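Numbering of the sequence shown is given in the UniProt record's numbering, commencing with residue 1 and proceeding in unit increments.
Built from N, CA and C at the ideal position, the CB exists for glycine as well.
Owing to the predicted nature of the structure, the values given are computational and were not obtained by experimental measurement.
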Amino acid sequence: MSPTHETANGGRRLVIVESPAKAKTIKGYLGPGYVVEASVGHIRDLPGGAAEVPAKYKGESWARLGVNVDHDFEPLYVVNSDKKDQVKKLKELLAESDELLLATDEDREGEAIAWHLQEVLKPKVPVKRMVFHEITKDAIQNAVRNPRGLNQRLVDAQETRRILDRLYGYEVSPVLWKKVMPRLSAGRVQSVATRLVVERERERMAFRSAEYWDLTGTFAAGQAGDASAGAGAGPGATGDPATFGARLTTVDGRRVAQGRDFGSDGQLKDPSAVLHLDEEGARALAAALENTDFAVRSVESKPYRRSPYAPFRTTTLQQEASRKLGFGAKSTMQVAQKLYENGFITYMRTDSTTLSDTAVAAARAQVTQLYGADYLPDKPRTYAGKVKNAQEAHEAIRPSGDRFRTPAETGLTGDQFKLYELIWKRTVASQMKDAVGQSVTVKVGGRSADGRDAEFSATGKIITFHGFLKAYVEGADDPNAELDDRERRLPQVAEGDPLRAEEMSVDGHATKPPARYTEATLVKELEEREIGRPSTYASIISTILDRRYVFKKGTALVPSFLSFAVVGLLEKHFGRLVDYDFTAKMEDDLDRIAAGSAEAVPWLRRFYFGEGGEGGEAQAGEAAAAGNGDGDHLGGLKELVSDLGAIDAKGVSSFPVGEGITLRVGRYGPYVEGPSEKEGEPGRRADVPDDLPPDELTVDYAKELLAKPSGDFELGTDPESGRPIVARDGRYGPYVTEVLPEGTPKTGKNAVKPRTASLFRSMSLDTVTLQDALKLLSLPRVVGVDPESGNEITAQNGRYGPYLKKGTDSRSLESEEQIFNITLDEALEIYSKPKQRGRAAAKPPLKELGNDPETDRPVVVKDGRFGPYVTDGETNATLRRDDDVETITPERGFELLAEKRAKGPAKKKTAAKKTTAKKTAAKKTTAKKTAAKKTTAKKTTAKKSATKKTAATKKSAAEESASSDISSQE
Numbered sequence: 001m002s003p004t005h006e007t008a009n010g011g012r013r014l015v016i017v018e019s020p021a022k023a024k025t026i027k028g029y030l031g032p033g034y035v036v037e038a039s040v041g042h043i044r045d046l047p048g049g050a051a052e053v054p055a056k057y058k059g060e061s062w063a064r065l066g067v068n069v070d071h072d073f074e075p076l077y078v079v080n081s082d083k084k085d086q087v088k089k090l091k092e093l094l095a096e097s098d099e100l101l102l103a104t105d106e107d108r109e110g111e112a113i114a115w116h117l118q119e120v121l122k123p124k125v126p127v128k129r130m131v132f133h134e135i136t137k138d139a140i141q142n143a144v145r146n147p148r149g150l151n152q153r154l155v156d157a158q159e160t161r162r163i164l165d166r167l168y169g170y171e172v173s174p175v176l177w178k179k180v181m182p183r184l185s186a187g188r189v190q191s192v193a194t195r196l197v198v199e200r201e202r203e204r205m206a207f208r209s210a211e212y213w214d215l216t217g218t219f220a221a222g223q224a225g226d227a228s229a230g231a232g233a234g235p236g237a238t239g240d241p242a243t244f245g246a247r248l249t250t251v252d253g254r255r256v257a258q259g260r261d262f263g264s265d266g267q268l269k270d271p272s273a274v275l276h277l278d279e280e281g282a283r284a285l286a287a288a289l290e291n292t293d294f295a296v297r298s299v300e301s302k303p304y305r306r307s308p309y310a311p312f313r314t315t316t317l318q319q320e321a322s323r324k325l326g327f328g329a330k331s332t333m334q335v336a337q338k339l340y341e342n343g344f345i346t347y348m349r350t351d352s353t354t355l356s357d358t359a360v361a362a363a364r365a366q367v368t369q370l371y372g373a374d375y376l377p378d379k380p381r382t383y384a385g386k387v388k389n390a391q392e393a394h395e396a397i398r399p400s401g402d403r404f405r406t407p408a409e410t411g412l413t414g415d416q417f418k419l420y421e422l423i424w425k426r427t428v429a430s431q432m433k434d435a436v437g438q439s440v441t442v443k444v445g446g447r448s449a450d451g452r453d454a455e456f457s458a459t460g461k462i463i464t465f466h467g468f469l470k471a472y473v474e475g476a477d478d479p480n481a482e483l484d485d486r487e488r489r490l491p492q493v494a495e496g497d498p499l500r501a502e503e504m505s506v507d508g509h510a511t512k513p514p515a516r517y518t519e520a521t522l523v524k525e526l527e528e529r530e531i532g533r534p535s536t537y538a539s540i541i542s543t544i545l546d547r548r549y550v551f552k553k554g555t556a557l558v559p560s561f562l563s564f565a566v567v568g569l570l571e572k573h574f575g576r577l578v579d580y581d582f583t584a585k586m587e588d589d590l591d592r593i594a595a596g597s598a599e600a601v602p603w604l605r606r607f608y609f610g611e612g613g614e615g616g617e618a619q620a621g622e623a624a625a626a627g628n629g630d631g632d633h634l635g636g637l638k639e640l641v642s643d644l645g646a647i648d649a650k651g652v653s654s655f656p657v658g659e660g661i662t663l664r665v666g667r668y669g670p671y672v673e674g675p676s677e678k679e680g681e682p683g684r685r686a687d688v689p690d691d692l693p694p695d696e697l698t699v700d701y702a703k704e705l706l707a708k709p710s711g712d713f714e715l716g717t718d719p720e721s722g723r724p725i726v727a728r729d730g731r732y733g734p735y736v737t738e739v740l741p742e743g744t745p746k747t748g749k750n751a752v753k754p755r756t757a758s759l760f761r762s763m764s765l766d767t768v769t770l771q772d773a774l775k776l777l778s779l780p781r782v783v784g785v786d787p788e789s790g791n792e793i794t795a796q797n798g799r800y801g802p803y804l805k806k807g808t809d810s811r812s813l814e815s816e817e818q819i820f821n822i823t824l825d826e827a828l829e830i831y832s833k834p835k836q837r838g839r840a841a842a843k844p845p846l847k848e849l850g851n852d853p854e855t856d857r858p859v860v861v862k863d864g865r866f867g868p869y870v871t872d873g874e875t876n877a878t879l880r881r882d883d884d885v886e887t888i889t890p891e892r893g894f895e896l897l898a899e900k901r902a903k904g905p906a907k908k909k910t911a912a913k914k915t916t917a918k919k920t921a922a923k924k925t926t927a928k929k930t931a932a933k934k935t936t937a938k939k940t941t942a943k944k945s946a947t948k949k950t951a952a953t954k955k956s957a958a959e960e961s962a963s964s965d966i967s968s969q970e
């Protein structure tokens with residue numbers, strides 16, 4: 001045993017964490033006597049497919065689920081194929097150790113990983129649970145001194161959650177495959193999150209805008225021609241403005257209608273309560289008020305006070321990082337994970353807003369040091385948790401240690417610096433004094449030339465002591481919202497002071513539909529409805545984006561037409577499973593299981609088999625969780641998915657647009673279908689752009705699509721064939737084709753295929769001409785004949801770009817235009833040079849995104865054969881459908897690369913050997929002759945083969961050794 005791993009009593013401890021980065025940091029704090037190794041996440045899970053189910057279980061009826069529903073929902077766990085080597089390594093290290101410390105994260109998932117490690121490794125030495133919420137030297141050493149045992153209740157809760165999600169996904173997803181489209185997925189929380197986004201879009205589609213008008217007056221103290229009139233008028237000594245704006249609030253005592261007074265139907269909620277001004281009425285009133293004498297009718301002053309925000313927890317960090325830094329929820333958690341693992345912040349999956357005494361002392365010390373004692377409250381601030389059943393960790397997210405490093409002291413760069421700075425500012429600000437000041441409301445009145453009384457109102461705010469706002473100001477979901485540190489000063493005026501109107505502007509407004517969710521507001525909505533756990537929101541949003549249920553338009557989350565079909569089916573036939581209250585109740589019960597007040601098996605039995613199902617009686621609390629609490633009989637999940645005959649597949653994927661036009665979600669994407677011209681026949685159809693927001697599919701737009709059934713653009717007639725030539729926008733890009741006469745056979749021996757050619761990248765459907773199309777359809781173009789070989793050289797456009805072909809020898813061209821203008825001499829010159837092997841010269845990047853926070857390598861956007869992609873030189877990730885080269889942010893690029901790394905390297909497919917019928921027949925007819933020859937050949941070449949094999953083995957070993965040396969040097 002190596003002496004560097006021996007403890008004081010001669011033993012050795014093996015510490016297992018989840019990630020290599022975390023292992024590296026912790027190892028530095030433990031020193032001799034400890035071996036720190038990573039499990040690299042989960043080491044085992046339920047089978048991911050039939051191939052992972054062990055042979056002895058393949059015949060079981062429950063094998064596809066990976067959960068034995070007939071035997072107390074016993075899960076079938078298998079070691080992940082990509083973790084077998086790591087498990088082997090851990091077992092070898094454990095065999096040389098005297099104690100095992102499981103140091104996975106201190107939450108449900110971390111507890112479950114520790115349990116799985118114990119179950120798989122089967123240690124014969126003492127096992128202890130080592131827990132901490134920050135990776136600092138003191139925290140790690142304290143965790144070693146104060147270990148605990150596994151919390152089986154947390155394990156049970158996580159295991160129940162995993163089984164529940166498996167049952168939900170594996171039973172409901174096949175319904176979507178059969179009734180909507182293959183390869184779709186349903187999930188306990190992802191389906192509910194998708195429903196929220198769809199419902200918001202439905203609200204937008206049903207919304208009808210209303211127009212309303214009002215007036216804004218610009219007022220100055222004093223009457224016309226007398227700027228000094230009125231006591232207290234004019235700007236004050238503190239730099240108050242000379243003029244101020246005020247909005248019209250009432251006319252003859254009736255409040256002027258604003259946006260909040262209109263319903264989603266565009267009508268006033270209570271017409272008798274407000275005055276609705278149209279443009280004509282507003283302009284007439286403005287004209288009547290031109291020469292009116294105005295005066296201050298009232299001045300109301302109130303003290304203003306704003307207290308600091310609580311320190312970050314998981315969801316508030318995700319929301320604020322989205323608002324201020326433009327990070328997605330997943331990107332935020334990835335960056336936070338790095339900060340945690342490298343010892344910069346405390347654990348980032350937490351429901352708590354509490355700070356330890358050490359952290360409070362550190363924050364207060366920095367307040368005094370950086371802002372002065374005037375900004376430090378007399379007593380430390382405490383924050384009560386607002387999250388129901390908060391249980392994930394003990395502290396809020398804060399800088400680690402008993403002394404906080406300022407952002408400049410960390411040495412961090414890029415996204416890690418930005419996120420650390422955000423967390424640091426929020427934490428320090430949470431221990432600062434309130435911001436105080438005065439808020440003022442001034443009401444201004446006057447009577448118009450036609451005798452109407454008009455009253456205007458202006459509000460102001462002066463901050464006399466900024467307090468915590470010196471360190472931190474929270475962002476807002478509404479981009480037009482006024483932030484807390486914004487001041488609005490008004491002139492010093494008193495009641496009765498005369499005012500003159502310098503300008504009277506007429507303002508038109510239109511009510512707006514409810515805003516789409518962003519990642520930040522969707523996280524907020526899920527948390528407020530108590531759906532899911534804060535630690536899972538990032539993966540939920542990532543899932544619905546990856547599944548194409550939702551796409552991004554800027555920062556907004558837009559549901560696809562596919563999600564309308566999926567949500568519609570679930571609402572109609574599985575309403576309970578996507579009910580918001582039901583989903584929240586399930587979360588409550590998982591919390592009760594974790595707390596020990598409910599048992600997992602009876603609860604799962606009721607959820608799956610239903611009330612009074614095969615599992616017997618369930619507890620009253622569990623009945624409420626699985627049902628609606630009204631005592632009615634409710635079937636379980638198994639019963640819900642057993643009868644699919646009532647589900648109309650066409651119906652769930654069809655949505656009326658208007659005037660007989662229907663939107664349908666087909667296997668290859670959405671399309672609109674017009675009314676049928678003949679009974680029993682489908683109407684005209686046209687594809688709908690995949691990225692079209694549903695609320696933009698109007699009747700007029702649908703008619704426009706149908707006017708060009710296949711996206712056809714008539715270009716003219718081919719003078720040689722007499723056939724019409726059209727340009728079309730296909731699913732794989734724009735192309736041109738000829739239209740064959742009616743009656744032309746399309747199948748069989750006499751089938752005729754129309755000539756077709758893709759447009760060059762420099763062409764577009766809007767500008768392509770008949771001449772362009774005829775040139776494209778003429779390809780391949782004969783450049784000439786090679787005088788040496790006599791082979792014809794052609795120029796053509798292929799899947800991987802333009803190229804020359806001579807027999808079987810192909811050479812790439814630099815541009816598509818060369819296909820038409822390259823000469824024979826130029827082609828021969830290309831062929832005279834040695835064929836370039838490997839990749840062609842690299843194209844310049846389309847965009848630079850900066851250094852990846854995970855690898856610290858420069859990330860760029862490049863144009864590849866399958867479209868644009870992001871790369872850091874080692875990992876490549878193709879841009880998604882809703883990503884755009886011009887608008888993609890660095891954070892989005894880093895997120896795509898992180899997702900690609902998480903998936904690991906692509907598995908190489910083993911090519912199957914092709915055996916043709918002729919070869920098989922030949923083998924049979926010559927079997928006897930061949931056998932005799934093989935017998936002789938084996939004897940005569942045995943010695944030669946042995947010699948060659950030995951030589952080859954030695955060569956291979958030498959090459960492998962050399963390769964290893966090179967790798968180690970790199």
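Inset, instruction - Note the first and the last residue of the continuous beta strand (DSSP E) segment covering Q438. - result: As a first step, residue 438 must be located in the sequence shown, where it is residue number 438. Unbroken beta strand (DSSP E) run through Q438: A435 to R447.
Inset, instruction - Apply the 10 Å Cβ neighbour rule to S228 and answer buried if 16 or more other Cβ atoms are within range, or exposed otherwise. - result: Reading the sequence shown from its first residue, position 228 is the one you call residue 228. Residue confidence for S228 is low, a pLDDT of 38 falling below 50, so the modelled location carries little weight; the figure read from the coordinates is stated next. Exposed is the call here.
Legend entry - A927, buried or exposed, once every other Cβ within 10 Å from all chains shown has been counted against 16: Looking up residue 927 in the sequence shown gives position 927. Model confidence at A927 stands at a pLDDT of 46, short of 50, so the residue's coordinates are unreliable; what they give is reported in the following sentence. Under this definition A927 is an exposed residue.
Inset, instruction - Under the assumption that I725 contacts L770 (Cβ atoms under 8 Å), give the Cβ distance between them as a whole number of angstroms. - result: Indexing the sequence shown from 1 puts residue 725 at position 725. Indexing the sequence shown from 1 puts residue 770 at position 770. Sure, about 6 Å apart at Cβ, within 8 Å.
Legend entry - For V672, the first and last residue of its enclosing beta strand (DSSP E): Residue numbering aside, residue 672 sits at position 672 when the sequence shown is read from its first letter. It spans G669 to E673 - the beta strand (DSSP E) in which V672 sits, taken as one unbroken run.
Inset, instruction - With a 10 Å radius around its C-beta and 16 neighbouring C-beta atoms as the bar for buried, classify Y549 as buried or exposed. - result: Translated into positions along the sequence shown, residue 549 becomes position 549. Y549 should be labelled buried.
Legend entry - Reduced DSSP secondary structure (H/G/I, E/B, other) of A911: Along the sequence shown, read from residue 1 onward, the residue named residue 911 stands at position 911. Residue confidence is low: A911 scores 47 on pLDDT, short of 50, so the model does not pin down where it sits. Its coordinate-derived value is still stated next. A911 carries a coil assignment under DSSP once its states are collapsed to helix, strand and coil.
Legend entry - Same chain only: Cβ atoms within 7 Å of T353, ignoring 5 sequence neighbours per side: Within the sequence shown, the letter at position 353 stands for residue 353. In its chain, beyond the 5 residues on either side, A310, P311, R313, Y383, G385 and A396 have a beta carbon closer than 7 Å to the beta carbon of T353.
Legend entry - Start-to-end residues for the alpha helix (DSSP H) that takes in K88: As a first step, residue 88 is located in the sequence shown; it is residue number 88 there, counting from the start. K84 to A95 is the extent of the alpha helix (DSSP H) around K88.
Legend entry - Stretch-stretch touch, CB-based, cutoff 8 Å, three pairs: the segment 341 to 357 with the segment 17 to 26: Yes, since at least three Cβ pairs between the segment 341 to 357 and the segment 17 to 26 fall closer than 8 Å, the two stretches touch.
Inset, instruction - Using three-state DSSP, classify G230 as helix, strand or coil. - result: By one-based count along the sequence shown, residue 230 stands at place 230. Residue confidence for G230 is low, a pLDDT of 36 falling below 50, so the modelled location carries little weight; the figure read from the coordinates is stated next. DSSP places G230 in coil when its eight states are reduced to three.
Inset, instruction - Within the same chain, show all residues whose beta-carbon is closer than 7 Å to that of V523, passing over the 5 residues directly before and after it, in chain order. - result: Position 523 of the sequence shown holds residue 523. Excluding sequence neighbours, V523 sits near T315, Q318, Q319, A329 and Y537.
Inset, instruction - Buried or exposed for V782, please, with buried defined as at least 16 other CB atoms from any protein chain shown within 10 angstroms of its CB. - result: Taking the first residue of the sequence shown as position 1, residue 782 is located at position 782. By the 10 Å Cβ count, V782 comes out exposed.
Legend entry - Buried versus exposed call for G554 [16 or more other C-beta atoms within 10 Å across all chains shown]: Translated into the one-based positions of the sequence shown, residue 554 becomes position 554. Residue environment analysis places G554 among the exposed positions, since fewer than 16 neighbouring C-beta atoms fall within 10 angstroms of its C-beta.
Inset, instruction - Go ahead and pull the three-state DSSP assignment for Y375. - result: One-based indexing of the sequence shown puts residue 375 at position 375. Correct three-state label for Y375: helix.
Inset, instruction - Report buried or exposed for S563, applying the criterion of at least 16 other Cβ atoms within 10 angstroms of its Cβ. - result: Counting from one through the sequence shown, the residue named residue 563 turns up at place 563. Buried, by the Cβ-count rule.
Inset, instruction - Would you check if the distance between the CB atom of F456 and the CB atom of A157 is smaller than 7 Å? - result: Mapped onto the sequence shown, residue 456 falls at position 456. Mapped onto the sequence shown, residue 157 falls at position 157. Going by C-beta atoms, F456 is not nearer than 7 Å to A157.
Inset, instruction - Compare the C-alpha of I544 against each of L167, Q190, E109 and N146 and name the closest. - result: Translated into the one-based positions of the sequence shown, residue 544 becomes position 544. Of the listed residues, the one whose Cα sits closest to I544 is Q190.
Inset, instruction - Look up E211 in the DSSP assignment and give the residues it is bridged to. - result: Taking the first residue of the sequence shown as position 1, residue 211 is located at position 211. According to DSSP, which records beta bridges pairwise, E211 is partnered with A510.
Inset, instruction - Look at the Cβ atom of A363, then the Cβ atom of T427, and state whether they are nearer than 7 Å. - result: By 1-based counting over the sequence shown, the position of residue 363 is 363. By 1-based counting over the sequence shown, the position of residue 427 is 427. Yes, the Cβ-Cβ distance between A363 and T427 is below 7 Å.
Legend entry - Residue nearest to K128 in terms of C-alpha spacing, selected from P377, K83, V17 and V69: The residue you call residue 128 lines up with position 128 of the sequence shown. Considering only P377, K83, V17 and V69, the residue with the shortest C-alpha distance to K128 is V17.
Inset, instruction - May I ask you to report which of helix, strand or coil DSSP gives Q319? - result: Here residue 319 is taken as the residue at index 319 of the sequence shown, counted from 1. Correct three-state label for Q319: helix.
Inset, instruction - In angstroms with no decimal places, state the Cα-to-Cα distance between P20 and K83. - result: Along the sequence shown, one-based indexing puts residue 20 at 20. Along the sequence shown, one-based indexing puts residue 83 at 83. Between P20 and K83, the alpha-carbon positions lie close to 14 Å from each other.
Inset, instruction - State the start and end residues of the unbroken alpha helix (DSSP H) segment that holds E571. - result: Looking up residue 571 in the sequence shown gives position 571. First-last of the alpha helix (DSSP H) with E571: F561 to H573.
Inset, instruction - Grab me the residues of V15's own chain with a C-beta within less than 6 Å of its C-beta, minus the 5 sequence neighbours each way, in chain order. - result: For this step, residue 15 is matched to residue 15 along the sequence shown. Excluding sequence neighbours, V15 sits near Y34, V36, L101 and A103.
Legend entry - Separation of D872 from D856, as counted between CA atoms: In the sequence shown, counting from the first residue as 1, residue 856 sits at position 856. In the sequence shown, counting from the first residue as 1, residue 872 sits at position 872. For D856 and D872, the distance between alpha carbons rounds to 9 Å.
Legend entry - Residues near D695 by beta carbon distance below 7 Å, same chain, minus five either side: Taking the sequence shown and counting its residues from 1, the one referred to as residue 695 is at position 695. So the list reads E201, R204 and M205, once near-sequence residues are dropped.
Inset, instruction - Within its chain, find whatever has a CB closer than 6 Å to the CB of I661; leave out the 5 residues flanking it on each side and keep chain order. - result: Start at 1 with the first residue of the sequence shown, and residue 661 comes out as number 661. For I661, same chain residues with a beta-carbon under 6 Å away, outside a window of 5 residues either side, are V672, G674 and A702 in chain order.
Legend entry - A595, buried or exposed, once every other Cβ within 10 Å from all chains shown has been counted against 16: Here the question's residue 595 lines up with position 595 in the sequence shown. Taking a 10 Å sphere around the C-beta of A595, we find fewer than 16 other C-beta atoms and assign the residue as exposed.
Legend entry - CA-to-CA distance, L150 to A114, given in whole angstroms: Against the sequence shown, residue 114 aligns to sequence position 114. Against the sequence shown, residue 150 aligns to sequence position 150. Spanning the two alpha carbons is a distance of roughly 8 Å.
Inset, instruction - List the endpoints of the continuous alpha helix (DSSP H) containing E409. - result: Position 409 of the sequence shown, counted from the start, is the residue given in the question as residue 409. Per DSSP, E409 belongs to the alpha helix (DSSP H) from P407 to T410.
Inset, instruction - Leaving out five residues on either side along the sequence, give the residues of the same chain with a beta carbon under 6 Å from the beta carbon of G893. - result: Your numbering for residue 893 matches position 893 in the sequence shown. Cβ contact annotation for G893 (same chain, cutoff 6 Å, sequence separation greater than five): L849, V859 and V870, in chain order.
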